[in-house]
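For reference, the structure discussed in these notes is given below.
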Amino acid sequence: MTASARSCLTIVLAAGEGTRMRSDVPKVLHKVAGRSLLGHVLATALAAGSDALAVVVGPGREDVAAEVAALAPGAPVFVQTERRGTAHAVLAAREALAGGFDDVLIVYGDTPLVRAETLKRLRAPLAHGAGVVVLGFEAGDPTGYGRLISNGPNLVAIREEKDASDEERAIKLSNGGLMAISGAHALALLEGVGNANARGEFYLTDVVEGAVRSGLAVAVEAAPEAEVQGVNDRAQLAAVEAELQRRLRAAALAGGATLIAPETVFFAHDTRLGRDVVVEPNVVFGPGVAVADGAVIHAFSHLEGAEVGAGVSVGPFARLRPGARLAAKSRVGNFVEVKNAEVGEGAKLNHLTYVGDAEVGPRANLGAGTITCNYDGVSKFRTAIGADAFVGSNSTLVAPVTIGDGAYVGAGSVIVEEVPAGALAIGRGRQVTKEGRAATLRAAQKAKKKAGA
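Per this note's numbering, residue 1106 is the first one in the sequence shown, and the count goes up by one each step.
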């Protein structure tokens, strides 16, 4: 049976406390490239062809369970009620292990850089009769890692450093932590692990010696050291972020985008750039951004949850927030913020403008200082600006309001009523003061929040 035809269960160990992170957030929920460490691991397991996932968490970690439910709906979550080692953690998912899968992959929720191709290679020897496959790497400094102990071509043991002899500690071939086990033998091998070691724990690594005693072949697959690095503290989190950004920048360049200063551009895990996109220095892409062919993202811009059409110009110093959708050849200039708004083809929002909860028609032009007042302190409303409309500088559009096709709004206007197509509106009226109205609005806001709670 080929590896691709074999069924696979991936068990993700995510029960670590992460005390060295010094954080109220569980270690596996810390983010790199806009996605949690656990999220990266789950996505990689699925991309590698896993048929089922199971996640082991610590007690009281409903937040981790919620992340699993959001990213891998239907994947069961098991609780390791006592912290008695990695083999003990895997056996918390005993119910999943009993599911009759051909292959069992064991991965860690704090090791997000392992590639899907590596997981496929890790499984491959199982299809050729191996009972266990260990992911190893040549460590520049092996201090702290378990060593892979071989007898000729065969792996015979993984020795934790505290239990290793001086000779074994000199070995540089180290344990990357991940393991593939034949599903037919997984439960028996795991149940056969003992705790006669310096810490009295049930080590997953002892599965190797159990497999050797049972006459099963044990193989090693190698990966680069950078790929298997885990996260135990903030410094390692930063190192993983740096490595992932390096990969994402390389992929963007290989895909046909130009990054003027690649080391200053930061991507999310799902950023999509089309051909001939140009990204100037110091641009940050949050999650959910797609940029079509030929667009230019100028320096110091920040984009999140936005769609940028072909030939669009964004920035410099622009902010696109979730729901911003810019049609082809539109322009969003310096110090412009767009949120939950459709900007039509060829429209221009060139400087010092806020457009939120709005539709801006094709070829419309909003002058400097234009803002859509979408929130009255209680509710949000939308603004519609028609095709070819012109809004003069320093204008305030108080939603809900409509500016018709081809209409003009004079500079400095406050617009509170519909401006018909082709009309000119100049709204510079006298100030009206209503005593006590602010307190009424605040009371309404509090009532709304309380009702929502």
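Just so it is clear, CB atoms sit at the ideal spot from N, CA and C, and this is done for glycine as well.
query	result
For Arg1111, which of helix, strand or coil comes out of DSSP?	coil
Between which two residues does the alpha helix (DSSP H) harbouring Gly1144 extend?	Leu1142 to Ala1152
Can Thr1507 and Ile1476 be called in contact, C-beta distance under 8 Å?	no
CB-CB under 6 Å to Ala1138, same chain, minus the five flanking residues each way: which ones, in chain order?	Leu1349, Ala1373 and His1374
Measuring straight from C-alpha to C-alpha, what distance separates Ala1194 and Ala1423?	47 Å
At what residues does the beta strand (DSSP E) containing His1456 begin and finish?	Lys1453 to His1456
If you draw a straight line from the C-alpha of Gly1379 to the C-alpha of Ala1340, how long is it?	33 Å
Going by beta-carbon coordinates alone, are Leu1134 and Tyr1213 separated by less than 8 Å?	no
Is it a yes or a no for the stretch 1199 to 1210 touching the stretch 1288 to 1296, going by three-plus beta-carbon pairs under 8 Å?	yes
Out of Val1345, Val1382, Ala1355 and Ile1116, which has the shortest C-alpha to C-alpha gap to Thr1363?	Val1382
Please state whether the Cβ-Cβ distance between Leu1283 and Val1219 is less than 8 Å.	yes
With 16 other CB atoms within 10 Å as the buried threshold, where does His1233 fall?	exposed
Which word fits Leu1358, buried or exposed, when buried means at least 16 other C-beta atoms lie within 10 angstroms of its C-beta?	exposed
Between the stretch 1314 to 1334 and the stretch 1142 to 1149, are three or more C-beta pairs nearer than 8 Å?	no
Can you give me the C-alpha to C-alpha distance between Ala1180 and Pro1131, rounded to a whole angstrom?	19 Å
Does the Cβ-Cβ distance between Ala1159 and Ile1116 come in under 8 Å?	yes
Apart from the five residues just before and just after Asn1439, which ones in its own chain have a Cβ nearer than 6 Å to its Cβ?	Pro1421, Phe1422 and His1456
I'd like the list of long-range same chain contacts for Arg1430, defined as Cβ closer than 6 Å, with 5 residues on each side in sequence excluded.	Glu1412 and Glu1447
Kindly indicate which residue of Gly1541, Leu1342, Gly1532 and Glu1222 has the alpha-carbon position closest to the one of Ala1328.	Glu1222
Report the rounded CA-to-CA distance for Ala1544 versus Pro1505, giving the unit in angstroms.	22 Å
Put Ala1159 into one of helix, strand or coil per three-state DSSP.	strand
At the level of alpha carbons, what is the spacing between Ser1418 and Val1514?	24 Å
Which residue from Val1524, Val1333, Val1370 and Ala1192 puts its Cα closest to that of Ala1244?	Val1333
Assuming the contact rule is C-beta atoms closer than 8 Å, Val1483 and Ala1549 should be a hit. Round their C-beta distance to whole Å, please.	5 Å
Going by Cα to Cα distance, which pick from Val1441, Val1239 and Val1503 is closest to Val1312?	Val1239
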